[in-house]
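Colleague:
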Amino acid sequence: MSTGVDTTKPTTFSAIFKHISPPTAVDNCLYCHLIHPKLKNLVITRGGFVEIYNVKSSASGETRFNWVYGTSVYENIADIVTVRFTGDLLDSLLLSFPEAKVAVMNFNPVTFELRTLSLHNYEFEKP
Numbered sequence: 188m189s190t191g192v193d194t195t196k197p198t199t200f201s202a203i204f205k206h207i208s209p210p211t212a213v214d215n216c217l218y219c220h221l222i223h224p225k226l227k228n229l230v231i232t233r234g235g236f237v238e239i240y241n242v243k244s245s246a247s248g249e250t251r252f253n254w255v256y257g258t259s260v261y262e263n264i265a266d267i268v269t270v271r272f273t274g275d276l277l278d279s280l281l282l283s284f285p286e287a288k289v290a291v292m293n294f295n296p297v298t299f300e301l302r303t304l305s306l307h308n309y310e311f312e313k314p
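Convert by adding 187 to the 1-based position in the sequence shown; the result is the number in this note's numbering.
(1) Quick one: using the 10 Å Cβ neighbour count with 16 as the cut-off for buried, is A163 buried or exposed?
(2) Are the CB atoms of N253 and N241 within a distance shorter than 7 Å?
(3) Looking at the secondary structure, which residues open and close the beta strand (DSSP E) in which Y261 lies?
(4) For the putative contact between T232 and I267, defined by C-beta atoms under 8 Å, what is the C-beta separation to the nearest angstrom?
(5) Under 8 Å by Cβ, that's how I've got F272 and S283 pegged, so tell me the actual separation to the nearest angstrom.
(6) Is S279 close to chain D, meaning its C-beta is less than 7 Å from at least one C-beta of that chain?
(7) For T199, I'd like the list of residues in its chain whose CB is within less than 7 Å of its CB, leaving aside the five on either flank, ordered along the chain.
(8) For E238, count the other beta carbons within 10 Å of its own beta carbon; 16 or more makes it buried, fewer makes it exposed. Which is it?
(9) For D275, which option in H223, N228, D214 has the closest C-alpha, if you only look at C-alpha atoms?
(10) Between which two residues does the beta strand (DSSP E) harbouring Y240 extend?
(11) With a threshold of 16 other CB atoms inside 10 Å of the CB of V297, please say whether the residue is buried or exposed.
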């Protein structure tokens, strides 16, 4: 059974590793305007995987989810939220990781992949 995630394609926030079996349980999910300003996307995280789906509603009221993109990141994702920066038409993702790390990512329509805008580490040494 294929998940549609290309684990062989590293992102700018990944290292060389191999998943034996991708996680099956969804850890986090949210709706946002990640790919198009007028179309909602469902973003889910499963362990260290991020997947993006288009949400399609039919005239009969049936809702379908079409897989758009999936990738893996270096660590398991602790939480995910959306943010829209001033002047942007699309949302960006804030992904938090264990050890007080946060990544800001958005979807690049030219390369059709998530790109890392910035990485932050909020660990402080105690005096």
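Where is the CB? At the ideal position from N, CA and C, for every residue including glycine.
Modeller: The structure says:
(1) No answer is possible for residue 163: the residues shown for the chain start at 188 and end at 314.
(2) yes
(3) No beta strand (DSSP E) contains Y261, which DSSP labels as neither H nor E.
(4) Confirmed, about 6 Å.
(5) S283 and F272 do not touch by the CB rule: their CB atoms are close to 18 Å apart, not below 8 Å.
(6) Here chain D cannot be found, since the structure has a single protein chain.
(7) Only weak support is given to the placement of T199: the predicted model assigns it a pLDDT of 49, under 50, and the value that follows is read from those uncertain coordinates. Exclusion of the five residues before and after T199 leaves R302, T303 as the residues of its chain whose Cβ lies within less than 7 Å of its Cβ.
(8) buried
(9) If we check each option's Cα against that of D275, H223 comes out closest.
(10) 236 to 244
(11) exposed
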